[in-house]
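Structure, as structure tokens:
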Amino acid sequence: MKADMPAPQRQEPAIRALTADDLSGFFTYLNDHLKDNGLDGAPLFQPLPRRQEFPADKAAAFSKALEVPLHKPGWRRAWIATGHDGILGHIDLRARGEGGTAHRALLGMGVHRLARRQGLGRVLVASALAWARSATALEWIDLEVLSVNEPARALYRQCGFRQTGEIEDMFRIDGERLAYTLMSLKLAR
1 MKADMPAPQR
11 QEPAIRALTA
21 DDLSGFFTYL
31 NDHLKDNGLD
41 GAPLFQPLPR
51 RQEFPADKAA
61 AFSKALEVPL
71 HKPGWRRAWI
81 ATGHDGILGH
91 IDLRARGEGG
101 TAHRALLGMG
111 VHRLARRQGL
121 GRVLVASALA
131 WARSATALEW
141 IDLEVLSVNE
151 PARALYRQCG
161 FRQTGEIEDM
171 FRIDGERLAY
181 TLMSLKLAR
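The C-terminal residue of the sequence shown carries number 189 in the UniProt record's numbering, and the numbering is unbroken.
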């Protein structure tokens, strides 16, 4: 690099709501993200076999749920972090499927390989929690994470989530028996 040229600066991702116009690019990003699921000895981060794309039926349900009003069962809201390299991460909150749980939501998220270990996960969680505190009557955010995914569990603990349980042998994927850790956060107003 020439001495008179400034060093490139890391671009801070912009976080915004996922829209219907984003869905095609979002699912392309998600399938690229899933290429890393359990890759080269890293833990699985999705309860899907290695090298499996996001199932079409789940993509259709995800898209449909974005249109459901917040006060109706089956709603979902999602945000993406975008930067110079496209979508770098996502986070979503969705209604729990059980009756009598309108005061709770489930959180799901992911960070692309280009943006991992740079603090984006914490920013995404903080954004979703801020929305939940201000835009809804939610009182609790729950999540389920594969127990082998210690980096994700550590991130969630740093964000204030506490472990509420673990289901042993929840999944059997690619010959592995995998537990599911349950975590929750009570929203402060």
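Positions of the beta carbon are idealized from the N, C-alpha and C atoms, including for glycine.
Being a predicted model, the structure only gives us computed values, none of them experimental.
Return the first residue and the last residue of the alpha helix (DSSP H) that residue i is part of.
i           : result
residue 150 : 150 to 158
residue 75  : That residue, residue 75, is in no alpha helix (DSSP H); it is neither H nor E in DSSP.
residue 137 : It is not in any alpha helix (DSSP H) - residue 137 carries neither H nor E in the DSSP assignment.
Residues in its own chain within less than 6 angstroms of residue i by CB, not counting five upstream and five downstream?
i           : result
residue 91  : 79, 109, 124 and 128
residue 14  : 82
residue 183 : 143, 156, 161 and 163
residue 149 : 43 and 45
residue 259 : One cannot answer for residue 259 here, as it falls past the ends of the chain, which runs 1 to 189.
residue 171 : 47 and 178
Specify the secondary structure class of residue i as computed by DSSP and reduced to three states.
i           : result
residue 57  : helix
residue 184 : strand
residue 100 : coil
residue 126 : helix
residue 42  : coil
residue 34  : helix
residue 120 : helix
Could you give the first and the last residue of the continuous beta strand (DSSP E) run that contains residue i?
i           : result
residue 165 : 162 to 173
residue 88  : 86 to 95
Based on the DSSP secondary-structure assignment, which residues constitute the bridge partners of residue i?
i           : result
residue 144 : 182
residue 176 : 173
residue 19  : None, per the DSSP bridge assignment.
residue 82  : 14 and 87
residue 111 : 89
residue 106 : 94 and 142
Using a Cβ-Cβ cutoff of less than 7 angstroms, which residues in the same chain neighbour residue i once the five nearest sequence positions on both sides are dropped?
i           : result
residue 85  : 114
residue 136 : 70
residue 190 : Nothing can be reported for residue 190: it is not among the residues displayed for the chain, which extend from 1 to 189.
I'd like the list of long-range same chain contacts for residue i, defined as Cβ closer than 8 angstroms, with 5 residues on each side in sequence excluded.
i           : result
residue 63  : 20 and 23
residue 103 : 137, 138, 139 and 140
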